[in-house]
Amino acid sequence: MALRFFNTLSRSVEDFQPLEDGHVRMYTCGPTVYNFAHIGNFRAYIFEDLLRRHLKFKGYHVTQVMNLTDVDDKTIRGAREKGVSLREYTKPYVDAFFDDLRVLGVEPVEYYPAATDHVQDMITLIHRLFERGLAYQSDDGSIYFSIAKFPAYGKLAHLDVSGLKAGARVAQDEYEKENVADFALWKAWDEADGDVYWDSPWGRGRPGWHIECSAMSMRYLGESFDIHTGGVDNIFPHHEDEIAQSEGATGKLFARFWLHCAHLVVDGRKMSKSLGNFHTLRDVLTRNYSGREIRYILMATHYRQSLNFTFEGLDAARAALQRLDEFILRLQGQATGEEPLTRLPIWAVEAKTRFADCLDDDLNISGALGALFDMVHAGNKAMDAGAFAAEEIWGVLELLDEWHQVLGLLRPEEESVDPKALAILELREQARKAKNWAEADRLREELTVRGWTVQDTAQGPKLKKV
Ligand code: AMP
Ligand code: ZN
């Protein structure tokens, strides 16, 4: 079956082919590192992880970029309030973000560019917009994008901008559709920015949020690439403005497919910092749910459907995983001897086709999980009846391993590990590589105290709960 996705640009499901044969280039709006990410944000990152893993499963080579927004209105405000430098302020949140991704089993992407490392790219891009007559300077020295000069403005969010008052401007990074107006590309320094500024041909200042993603995506993926993702709240203004800046500067189509996930909601309202109805991943972990359980609940609803978060839902995720684990452990218990030739029973062949077809169909995860659970049911029945040949058991285990590459959920032993333990494990590896055995032993001891044992496997060291 052909791979297809719902493209926000056309509001329809379209067959997907990358621009370059066998290679998908994709950009994902990353976190604004002014606080700990909440599980709503992680819904977006887990949807993007499923997309990435499925593309790889299909045999594509994937180059994915996820930016870190470490300069914008919110990070500057936070640093000022704390009286520390921008970097000092954002660093712990960047570190926490990567720890959280690990706990959730999100596969690392190829590039994580930070906005503060790419300001020159942004300045160059703004230059190009000037050359094309799409940018202008306001009285306070800031640079704005003139939406009246870019007729395609509004094509992603499906806005009608015909009746707009020309020259109206919005300086904030975030604004609503009612305030659609020329938006800031470069913000002239003012007192609220403190020591956060860069020199530019237009004087001291800093980039607007939207130009960051245009500059960093094109730097790593080229002027036209395949897929751009984010949550639906990114459609306007962020992604609309990215299109205007990028296509305005290059005259080429920017991203071909725009995929957006619906929100994680609480009592019908978007989970967000500003509404105060959020849980960070850390909050939920301290209630004794594992990263794997949280991954399951965030992934198991189709990405375009909004998902209501409840702790009962998490309990259901736990129960579903337990069922899977029991099945896998039961199979492993019966898989004896050397791995022989593998063969799939007919019900597993059907499940295999259904699983792949469902994910090809705009990542229909409910269908894919349905195929998985139907197979668990059929497999348990076959084991009860003693009608499961050894090579079939190995075959089904192999299939589960294949599916694990896509779902990141099917290894019972991969319980989420606390990030500190992972960091210690990494240090132990370094000590071993340096043949510093005493230090390696000391670190192993430290892991034991924290409740972990190390198993050295062919795939490298693994942590297991004592
Ligand atoms: P931010 O750090 O606010 O820029 O958000 C990072 C990512 O999380 C973006 O892709 C947002 O669209 C997404 N996001 C924010 N809140 C939610 C939510 N409640 N549900 C799903 N995605 C969200
Ligand atoms: Zn972005």
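First residue of the sequence shown: 654, per the working numbering; consecutive thereafter. Glycine residues also receive a C-beta, built at the ideal position from the N, C-alpha and C atoms.
Return the residue from the list the options that minimises the CA-CA distance to residue i.
{"i": "Trp1056", "options": "Glu1082, Ala1031 and Asp1010", "result": "Asp1010"}
{"i": "Asp848", "options": "Gln975, Ala1084 and Arg730", "result": "Arg730"}
{"i": "Phe750", "options": "Ala732, Arg740, Lys802 and Asn688", "result": "Asn688"}
{"i": "Thr681", "options": "Glu667, Glu734, Ser791 and Glu865", "result": "Glu865"}
{"i": "Ala845", "options": "Glu734, His811 and Ala821", "result": "Glu734"}
{"i": "Cys914", "options": "Ser943, Asp936, Thr933 and Gly884", "result": "Gly884"}
{"i": "Gly1023", "options": "Met1036, Asp702 and Thr1006", "result": "Thr1006"}
{"i": "Met775", "options": "Gly758, Thr728 and Pro854", "result": "Pro854"}
{"i": "Pro1065", "options": "Ala1001, Asp1054 and Val724", "result": "Asp1054"}
{"i": "Trp911", "options": "Leu874, Lys905 and Asn887", "result": "Asn887"}
{"i": "Phe783", "options": "Lys802, Leu662, Glu893 and Ala1040", "result": "Lys802"}
{"i": "Gly901", "options": "Phe1026, Gly794, Ser877 and Gly921", "result": "Ser877"}
To the nearest angstrom, report how far apart residue i and residue j are at their CA atoms.
{"i": "Glu1099", "j": "Pro761", "result": "27 Å"}
{"i": "Ser799", "j": "Ala908", "result": "21 Å"}
{"i": "Thr1106", "j": "His881", "result": "40 Å"}
{"i": "Ser870", "j": "Glu1044", "result": "47 Å"}
{"i": "Ala973", "j": "Asp753", "result": "22 Å"}
{"i": "Leu977", "j": "Asn941", "result": "19 Å"}
{"i": "Tyr797", "j": "Lys808", "result": "19 Å"}
{"i": "Arg673", "j": "Glu979", "result": "In the sequence as displayed, the identity of residue 673 is Glu instead of Arg. About 42 Å."}
{"i": "Asp813", "j": "Lys830", "result": "10 Å"}
{"i": "Tyr828", "j": "Met679", "result": "26 Å"}
{"i": "Ile1046", "j": "Arg983", "result": "10 Å"}
{"i": "Val1002", "j": "Tyr873", "result": "40 Å"}
{"i": "Leu1128", "j": "Leu1060", "result": "The chain is shown only over 654 to 1119; residue 1128 falls outside these bounds and no answer can be derived."}
{"i": "His780", "j": "Val686", "result": "27 Å"}
Can you tell me which of the three DSSP states residue i falls into?
{"i": "Met775", "result": "helix"}
{"i": "Pro1114", "result": "strand"}
{"i": "Asn1033", "result": "helix"}
{"i": "Gln670", "result": "coil"}
Along the beta strand (DSSP E) that carries residue i, what are the first and last residues, could you check?
{"i": "Trp839", "result": "Asp835 to Ala841"}
{"i": "Met679", "result": "His676 to Thr681"}
{"i": "Ala689", "result": "Strictly speaking, residue 689 in this sequence is Phe, with Ala absent from that position. First-last for Phe689: undefined, no H or E at that position."}
{"i": "Tyr797", "result": "Ile796 to Phe798"}
{"i": "Ser899", "result": "Unbroken run through Ser899 is the alpha helix (DSSP H), Glu893 to Thr903; no beta strand (DSSP E)."}
{"i": "Tyr956", "result": "Segment: none, Tyr956 is in no beta strand (DSSP E) and carries neither H nor E."}
{"i": "Glu829", "result": "Taken as a continuous stretch (DSSP letters only), Glu829 belongs to no beta strand (DSSP E), as it is neither H nor E."}
{"i": "Tyr789", "result": "Ala788 to Gln790"}
Which residue marks the beginning of the alpha helix (DSSP H) containing residue i, and which one marks its end?
{"i": "Asp813", "result": "Per DSSP, Asp813 belongs to no alpha helix (DSSP H) and is neither H nor E."}
{"i": "Ser867", "result": "Trp862 to Leu874"}
{"i": "Asp752", "result": "Leu739 to Val756"}
{"i": "Gly1048", "result": "Ala1043 to Leu1060"}
{"i": "Gly731", "result": "Asp726 to Lys735"}
{"i": "Thr1101", "result": "Trp1090 to Val1102"}
{"i": "Thr1120", "result": "Residue 1120 lies beyond the residue range present for the chain, which begins at 654 and ends at 1119; the question has no answer from this structure."}
Please check if any C-beta of chain B sits within less than 8 Å of the C-beta of residue i.
{"i": "Asp894", "result": "The chain labelled as chain B is not found in the depicted structure, where only one protein chain is given."}
At a cut-off of 7 Å, is residue i close to the ligand NAP when judged by its beta-carbon and the heavy atoms of the ligand?
{"i": "Asn720", "result": "Looking for the ligand NAP in the displayed structure turns up nothing; the ligands present are the ligand AMP and the ligand ZN."}
Check your understanding: Which whole runs of the alpha helix (DSSP H) in the stretch 979 to 1022 are 4 residues long or more, in chain order?
Key -> 999 to 1013
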